[in-house]
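There are 4 protein chains.
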Amino acid sequence: MNKGRVEAFTDAIVAIIMTIMVLEMKVPEGPSLKALFAERVYFFAYLISFFLIATTWYSHHYLFTHAKWISKRAFWANCIWLFMMSLSPVATGWIGAYPNSRTTAGFYLLVYVLWGLAFRLLVYSLIRDNSESRQQLQLLVQPKRSIFEMIAIVACLVAINFVPVLCIVILGLDGLFWIVYTPRESDKPNH
Amino acid sequence: MNKGRVEAFTDAIVAIIMTIMVLEMKVPEGPSLKALFAERVYFFAYLISFFLIATTWYSHHYLFTHAKWISKRAFWANCIWLFMMSLSPVATGWIGAYPNSRTTAGFYLLVYVLWGLAFRLLVYSLIRDNSESRQQLQLLVQPKRSIFEMIAIVACLVAINFVPVLCIVILGLDGLFWIVYTPRESDKPNH
Amino acid sequence: MNKGRVEAFTDAIVAIIMTIMVLEMKVPEGPSLKALFAERVYFFAYLISFFLIATTWYSHHYLFTHAKWISKRAFWANCIWLFMMSLSPVATGWIGAYPNSRTTAGFYLLVYVLWGLAFRLLVYSLIRDNSESRQQLQLLVQPKRSIFEMIAIVACLVAINFVPVLCIVILGLDGLFWIVYTPRESDKPNH
Amino acid sequence: MNKGRVEAFTDAIVAIIMTIMVLEMKVPEGPSLKALFAERVYFFAYLISFFLIATTWYSHHYLFTHAKWISKRAFWANCIWLFMMSLSPVATGWIGAYPNSRTTAGFYLLVYVLWGLAFRLLVYSLIRDNSESRQQLQLLVQPKRSIFEMIAIVACLVAINFVPVLCIVILGLDGLFWIVYTPRESDKPNH
């Protein structure tokens, strides 16, 4: 497919998902710091979700610079990944409204996991159609990365039973780790 | 016209339509699975609409890679198609709110049919201005495809009288069929 | 400036303005044709505004294919034009809610006129910096076109005093006239 | 990184932030000039925020035409800058709703300052990775500019104690000054 167009379409959807979460952040009711402070949990959840999406966009950018060819299969994997990501505003709004609930934290985690699985599907589709870049593309599904993700998810599952909102703290730290850890050369290809 | 710019403009509109449907999915009222479960019909309608739009985008991508020239006529057909698609969030929201109503299901079907007719108009406009790609462009309006669409619409009309919400199930299966059935080579041209 | 980037930025804003008007179209309250019918005025106002924006986009596309150079001055004229256009959803929502009011119709007309003046400013800025395309660019501010616009505005001003909502009908017909009348060759340049 | 894609992604986010502020401008309640007039403060705040974002976009465009290389570091600085900007709709909505409050004006100023600091971070990241364009990039963080910004912020801090809403007037004038004062040649590079 026309890679540039698939990228532009994907980017538009990602950009909208990132910013419609701001719409959920209500204008504080009353001109007081207290009213502003009432939004702190949602603000924090928004902050985490914003940067988790930016992290995944960075990986998507890395993938697409190494993949020469976007097949029909990869396009649909990309759509599934976008659909899962589009549930992020609802999950963020829900945990922001009820941060002390196992249900809302569990739902946030579920969306995160499904979204991650869809990303894996995308990576494998791209590998299958771009065998010449197999080595670079596989970096995103290397065992070290998978194990780390697994540990983060288990940590979330445990934390949810004590302090549910810790779930987004852990996922945020996980994202931060990947932002820092990703090799510097990951920004090299530029076509 | 500048094909790249028409594509980018179209993609931005399609991306927004796909994602504003998420805004209609309210944050559940209360931190319970029951509150989440109350959204299931809208969620399902959103899922179908999201992938129906993605399917049509895939066809649009196919068309525009084969069409060298976008005329004024084709531009306006494209706008009519976008306008019909822009009614999708309202139709989705309405059937999601009242899934057991013939009226809401009928409206969803009506929007779908008008949107399909506008797509046909776009295909014929492109064929008229790009006779050298006639063969590839015509694939999207081949009799087999038209008959299949017709059958799906009739099935919807019948189903609406018994279980209205079946309408989106049928259209969803129809979309899924086209995702799978579309020849693999449809992703080949990449300019 | 980087013309491609200014175009893409402009297109994203135009696309969002066109589609957020759909958000104003509420999901009908109740599963009846009557509830749907209650939205008819807003629907009609949305239809007109959607195609007026598409018409102006077409002209913008024509301008930018002929202008080689986007100066700082032209960029700011472009921003003023975008700002005026961004008032369109409010004007559309207001006349849709109160179609029998001189105030709402007058406001819609005012936004339309300011938007048109901003477009003129953009055309003159582009002419000043792209003298080699003066002839093609001037087509959009030729006397015939200006007189026609003037007549439409006067007709609106008169109509508002009798049947306010006629204002959008007249502007809609005006837009339709320009869609049809614009010379076929206006789609020729494609860079 | 792929500069074109980072630009397009950034532009989509900026465009959405600029236009979702329109959603906050409610359709006036009632068909009277009085109802329209009740929106005047928000309208004014929206006008200022719209053009402040456009001004910063212009600077971003200048930066990215001079920077050949977008590193991982610059990408994250860009994301922080986008995140700060995304708080603009809430700050604008809040000061629009309560213009006579020191808290809302102070919050608007705080968002503006954080946003400016994030922009500085972006400029320094780009300078570090594009030493060959150091001279052009440094123009945006030259002492003259910094001192001017400092004065504007101090003026805001003073004004907030007397007439809070003056804060956005001062920032608006500050933006206007930079629109006019930016050297004409800033639009020259076009790649």
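Residue numbers (the working numbering), protein chains in the order written: chain Z, -4 to 186; chain L, -4 to 186; chain W, -4 to 186; chain A, -4 to 186.
The beta carbon of each residue, even a glycine, is placed where N, CA and C say it ideally should be.
In this text the structure is predicted, and so the values were computed from the model without any measurement.
Beta-carbon proximity check, residue i vs residue j, cutoff 7 Å
{"i": "VAL9(W)", "j": "TRP76(W)", "result": "no"}
{"i": "THR87(L)", "j": "PRO26(W)", "result": "no"}
{"i": "MET16(L)", "j": "TYR37(L)", "result": "no"}
{"i": "ILE43(A)", "j": "ILE165(A)", "result": "no"}
{"i": "SER126(A)", "j": "HIS61(A)", "result": "no"}
{"i": "SER120(A)", "j": "ALA69(A)", "result": "yes"}
{"i": "LEU132(L)", "j": "ILE146(L)", "result": "no"}
Candidates the options: closest to residue i by CA position
{"i": "LYS183(L)", "options": "LEU171(Z), LYS63(Z) and ARG129(Z)", "result": "LYS63(Z)"}
{"i": "ARG179(W)", "options": "SER54(W), LEU82(W), CYS151(W) and ILE155(W)", "result": "SER54(W)"}
{"i": "MET221(L)", "options": "PHE45(W), GLU2(W), VAL106(W) and PHE78(W)", "result": "Residue 221(L) lies beyond the stretch modelled for chain L, which goes from -4 to 186, so this question has no answer here."}
{"i": "MET(-4)(L)", "options": "LEU168(L), TRP71(L), LEU135(L) and TYR93(L)", "result": "TRP71(L)"}
{"i": "LEU135(Z)", "options": "LEU31(Z), LEU152(Z), TYR57(Z) and SER83(Z)", "result": "TYR57(Z)"}
{"i": "GLY111(Z)", "options": "LEU18(Z), LEU82(Z), ALA92(Z) and SER96(Z)", "result": "LEU82(Z)"}
{"i": "GLU19(W)", "options": "GLY167(W), PHE39(W) and LEU168(W)", "result": "PHE39(W)"}
{"i": "PHE78(L)", "options": "SER96(L), PHE59(L) and ALA113(L)", "result": "ALA113(L)"}
Cα-Cα separation, residue i to residue j
{"i": "LEU117(Z)", "j": "ILE12(W)", "result": "32 Å"}
{"i": "SER67(L)", "j": "SER181(W)", "result": "The residue you asked about is not Ser; residue 67(L) is Lys in the sequence shown. Between LYS67(L) and SER181(W), the C-alpha separation is close to 8 Å."}
{"i": "ASP124(L)", "j": "ALA7(A)", "result": "31 Å"}
{"i": "TYR103(A)", "j": "PRO159(L)", "result": "50 Å"}
{"i": "VAL177(Z)", "j": "ARG0(A)", "result": "Correcting the residue type first, residue 177(Z) is Thr in the shown sequence and not Val. Taking the straight line joining both Cα atoms gives about 19 Å."}
{"i": "VAL175(Z)", "j": "GLU144(Z)", "result": "15 Å"}
{"i": "VAL149(Z)", "j": "PHE172(L)", "result": "38 Å"}
{"i": "LEU109(W)", "j": "CYS74(L)", "result": "24 Å"}
{"i": "PRO94(A)", "j": "ARG115(A)", "result": "29 Å"}
{"i": "LEU168(Z)", "j": "VAL153(Z)", "result": "16 Å"}
{"i": "GLU24(Z)", "j": "ARG35(Z)", "result": "14 Å"}
{"i": "CYS151(A)", "j": "SER96(A)", "result": "13 Å"}
{"i": "PHE59(Z)", "j": "PHE59(W)", "result": "30 Å"}
{"i": "LEU92(L)", "j": "GLN130(Z)", "result": "Going by the sequence as given, residue 92(L) is Ala instead of Leu. If I take the Cα positions, the gap works out to 48 Å."}
{"i": "LYS139(A)", "j": "LEU28(Z)", "result": "34 Å"}
{"i": "PHE157(W)", "j": "ALA30(W)", "result": "28 Å"}
{"i": "THR5(Z)", "j": "GLN137(A)", "result": "37 Å"}
{"i": "LEU161(A)", "j": "LEU161(W)", "result": "41 Å"}
Assumed close pair residue i, residue j - CB separation to whole angstroms, cut-off 8 Å
{"i": "MET50(W)", "j": "GLY170(W)", "result": "Reading off the sequence, residue 50(W) comes out as Thr, not Met. Rounded, the Cβ-Cβ distance is 5 Å, consistent with contact."}
{"i": "LYS(-2)(W)", "j": "ILE90(W)", "result": "Actually they are not in contact, since the Cβ atoms of LYS(-2)(W) and ILE90(W) sit about 35 Å apart, beyond 8 Å."}
{"i": "ALA100(Z)", "j": "ILE155(Z)", "result": "5 Å"}
{"i": "VAL106(Z)", "j": "VAL85(A)", "result": "So it is not a contact: roughly 24 Å between Cβ atoms."}
{"i": "ALA3(Z)", "j": "ALA33(A)", "result": "Between ALA33(A) and ALA3(Z) the Cβ distance is about 40 Å, and since that is not below 8 Å, they are no contact."}
Proximity test, residue i beta-carbon vs the ligand MN heavy atom, cut-off 6 Å
{"i": "VAL9(A)", "result": "Annotation note on the ligand MN: not contained in the displayed structure, which lists no ligands."}
key: Cβ-based contacts, 7 Å cut-off: residues of the segment 74 to 100 of chain Z near chain L   = Residues of the segment 74 to 100 of chain Z with a C-beta atom less than 7 Å from some C-beta of chain L are CYS74, PHE78, SER81, PRO84, VAL85, GLY88, TRP89, ALA92, TYR93, SER96, THR98 and THR99, listed in chain order.
query = In the segment 111 to 124 of chain W, which residues sit with their C-beta less than 9 Å from some C-beta in chain A, listed in chain order?
reply = none
key: Contact set between the segment 161 to 175 of chain A and chain Z, restricted to residues whose Cβ is under 9 Å from the partner   = none
inquiry  = Residues of the segment 35 to 54 of chain W in Cβ contact with chain L at a cutoff of 8 Å, in chain order, please.
reply    = Listed in sequence order: LEU42, PHE45, PHE46, ALA49, TRP52 and TYR53.
message = Against chain A, which members of the segment 139 to 155 of chain W pass a CB distance test of less than 7 Å?
response = none
task = Could you name the residues of the segment 56 to 67 of chain Z whose beta carbon sits closer than 7 Å to any beta carbon of chain A, in the order they occur along the chain?
result = HIS56 and THR60
request  = Note down, in chain order, all residues in the segment 14 to 32 of chain A with a beta-carbon under 7 Å from any beta-carbon belonging to chain W.
outcome  = THR14, VAL17, LEU18, MET20, VAL22, PRO23, PRO26, SER27, LEU28 and LEU31
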